[in-house]
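Student:
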Amino acid sequence: MSVALSVTGLRKSYGSREALRGVDLHVGEGELVGLLGPNGAGKSTLTKIAVGLVRPSAGEVQLVRPFGYLAELFRFPGWCSADEVLRLHQDLSGSEGGAGERADLLRLVRLDDAADVRVERMSKGMQQRLGIAQAMVGAPRVLLLDEPTSALDPGGRRTVRDALVELRRRGVAVLLNTHLLSEVEQVCDRVVIIDRLVAAGE
Ligand SMILES: Nc1ncnc2c1ncn2[C@@H]1O[C@H](COP(=O)(O)OP(=O)(O)OP(=O)(O)O)[C@@H](O)[C@H]1O
Ligand SMILES: [Mg+2]
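By the numbering used here, the letter at position 28 of the sequence shown is numbered 9, and the numbering carries on one by one without gaps.
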């Protein structure tokens, strides 16, 4: 299997605090992998290093392009509608998918009725689903989602699970960060467990 994301010997220290101590992780093309670990285990740090937002202290990262990313903490402009948020990200990423891509992505996260709703009028769960749609703009081959279901009720989580299944059907590789085993065991092909300072097993 060719590799969508490959992390080897990854280390990160913030000053004297070691956030990652030698992590190895691989996501194959089209594979859906859960990255599971408690608060503070280093999941967000690993993801940010993978997309180039944080510099590693040591180790190697390879990520295929194009990739999509949903940060753990994000905020879209309140005055933008769902459709406008997606259009902005189409412009940023150079996507030529147009209105068809936007409609497809809103359908994927069950926001097709909310295309004209402004972000400031959306629940947190709707915003999080819009975040996932945003990460899919430009048809990425791999998606890194940092706790994409933290604000979601059971119905919203189900929507995200269904969207992940659909993404796998489309051959998109996904790395899904979470601290909830229940979140990943239902949809992921594989779960990688990361615990404070030490990465273990696959
Ligand atoms: N910018 C930073 N400066 C200093 N320490 C940091 C910084 N970012 C993260 N850390 C520390 O690195 C460790 C890993 O943090 P990280 O946010 O990667 O964990 P996480 O697994 O994503 O946690 P959570 O489940 O709470 O999101 C923690 O001890 C955290 O306090
Ligand atoms: Mg985190």
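By construction, the Cβ of each residue, glycine as well, lies at the ideal position given by its N, Cα and C atoms. All of these numbers come straight from a predicted model, not from anything done at the bench.
Consult DSSP for E53 and reduce its assignment to one of helix, strand or coil.
Tutor: Counted from its first residue, the sequence shown places residue 53 at position 72. Of the three classes helix, strand and coil, the one that applies to E53 here is coil, per DSSP.
Student: So, is G(-10) buried or exposed, given that buried needs 16 or more other C-beta atoms within 10 angstroms?
Tutor: For this step, residue -10 is matched to residue 9 along the sequence shown. So G(-10) ends up on the exposed side.
Student: Can you check whether the CB of L145 is closer than 9 Å to the CB of V118?
Tutor: Here residue 118 is taken as the residue at index 137 of the sequence shown, counted from 1. Here residue 145 is taken as the residue at index 164 of the sequence shown, counted from 1. In this structure, L145 does not lie closer than 9 Å to V118 by Cβ.
Student: Could you tell me if G(-4) is buried or exposed, where buried requires 16 or more neighbouring beta carbons within 10 angstroms of its beta carbon?
Tutor: Taking the first residue of the sequence shown as 1, we reach residue -4 at position 15. Exposed, since its Cβ has fewer than 16 Cβ neighbours within 10 Å.
Student: Leaving aside the five residues before and after D5 along the sequence, list all residues of the same chain whose C-beta is less than 8 Å from its C-beta, in chain order.
Tutor: In the sequence shown, the residue the question calls residue 5 occupies position 24. Contacts found: V(-12), T(-11), G(-10), L(-9) and A180.
Student: Quick one: Cα of A0 to Cα of D97, how far?
Tutor: Against the sequence shown, residue 0 aligns to sequence position 19. Against the sequence shown, residue 97 aligns to sequence position 116. Cα to Cα, the separation comes out at about 41 Å.
Student: Please list the terminal residues of the continuous alpha helix (DSSP H) segment that includes T28.
Tutor: Within the sequence shown, residue 28 is the residue found at index 47, counting from 1. That run of the alpha helix (DSSP H) goes K24 to V32.
Student: What is the DSSP secondary structure of S131, reduced to helix, strand or coil?
Tutor: Start at 1 with the first residue of the sequence shown, and residue 131 comes out as number 150. The answer is coil: DSSP assigns S131 none of H, G, I, E or B.
Student: Starting from A116, trace the beta strand (DSSP E) in both directions and tell me its first and last residue.
Tutor: One-based indexing of the sequence shown puts residue 116 at position 135. Per DSSP, A116 belongs to no beta strand (DSSP E); it is in the alpha helix (DSSP H), K105 to A116.
Student: Any chance you could list the residues with Cβ under 7 Å from a heavy atom of ligand 2, keeping chain order?
Tutor: Residues flagged by the Cβ proximity filter: K24, S25, E53, D127, E128 and N158.
Student: Our contact map puts Y50 next to V32 with C-beta atoms below 8 Å; I'd like the distance itself, whole angstroms only.
Tutor: Locating residue 50 in the sequence shown gives position 69, where the first residue counts as 1. Locating residue 32 in the sequence shown gives position 51, where the first residue counts as 1. Indeed, because the Cβ distance is near 5 Å, the residues count as touching under 8 Å.
Student: Which residue from A120, V45 and A63 puts its Cα closest to that of D93?
Tutor: Here residue 93 is taken as the residue at index 112 of the sequence shown, counted from 1. Out of A120, V45 and A63, A63 has the C-alpha closest to the C-alpha of D93.
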